[in-house]
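Our numbering applies: residue 3 is where the sequence shown begins, and numbers increase by one.
Structure first, commentary second.
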Amino acid sequence: MTRGTAAQGLALLQQMMEKPEPFAAILSCADSRVPVEVVFDQTIGQLFVTRVAGNMVTAEIMASLEYAVAVLGTHTILVMGHSRCGAVTAAIQATHHGQVVPGQISALFPHIDLPVRTFSCAWFDERDGFEFQPLLGVSLQTEKAR
């Protein structure tokens, strides 16, 4: 990083600390393979990102997105999905194969239940895996957010 770039970054950080003005709010999975700011080539303060394993709408996620719109003035909300989500895979394995998951992971399942039941019946193929998972999950979670 050059001095100019570091100085620019510091100036941007100071500006965003005073009044963040993200142009979009994004619901994404907590999966580290989905770095939202990198995917959209954005930097600090430009996106309001909510992340949760399984990429689902809960009351807390909805409240966060409402905050982005009502308080920060964001006009765009994007629900971003990805393939081979570990949380959805765990829910499918627990629902259809009776596998037990450790800790509090099962607390995610009620929020993933409808996509898992719909996806598993309509799209799941043991050989091919979860290729249609993002499309279905995003469409169902977008409906919940309306």
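The beta carbon of each residue, even a glycine, is placed where N, CA and C say it ideally should be.
| task | Kindly confirm or deny that the region 12-30 and the region 42-51 touch, where touching means at least three C-beta pairs closer than 8 Å. | result | With a cut-off of 8 Å on Cβ pairs, the region 12-30 is in contact with the region 42-51, counting three or more such pairs.
| V73: which of F25, M82, G11 sits nearest, CA to CA? | It is F25.
| task | Would you list the one or two residues that DSSP bridges to I28? | result | V51, L80.
| field | 7 Å Cβ shell around A70 - same chain, five flanking residues per side excluded | value | So the qualifying residues of the chain are P24, A27, F50, T76.
| request: Identify whether P104 lies in helix, strand or coil by the three-state DSSP scheme. | output: Note: P104 maps to coil in three-state DSSP.
| In whole angstroms, what separates the C-alpha of M58 from that of V40? | When rounded, the separation of the alpha-carbon atoms in M58 and V40 is 21 Å.
| query | Would you call V81 buried or exposed, if buried means 16 or more other Cβ atoms sit within 10 Å of its Cβ? | reply | V81 is classed as buried because its beta carbon has at least 16 other beta carbons within 10 Å across all chains shown.
| task | Starting from the Cα of I79, find the closest Cα among S34, V90, L67, A109 and give me that residue. | result | Closest by alpha carbon: L67.
| Other residues of its chain near A61: CB distance less than 7 Å, five sequence neighbours each side excluded | Nothing listed; no residue qualifies.
| Residue range of the unbroken alpha helix (DSSP H) whose run includes M64 | DSSP places M64 in the uninterrupted alpha helix (DSSP H) bounded by 61-72.
| said: With H, G and I counted as helix, E and B as strand and the rest as coil, what does DSSP make of T7? | reply: In this structure, T7 counts as helix in the three-state DSSP scheme.
| query | Over what stretch of residues does the alpha helix (DSSP H) that includes T97 continue unbroken? | reply | In the DSSP assignment, T97 falls within the alpha helix (DSSP H) that extends over 88-99.
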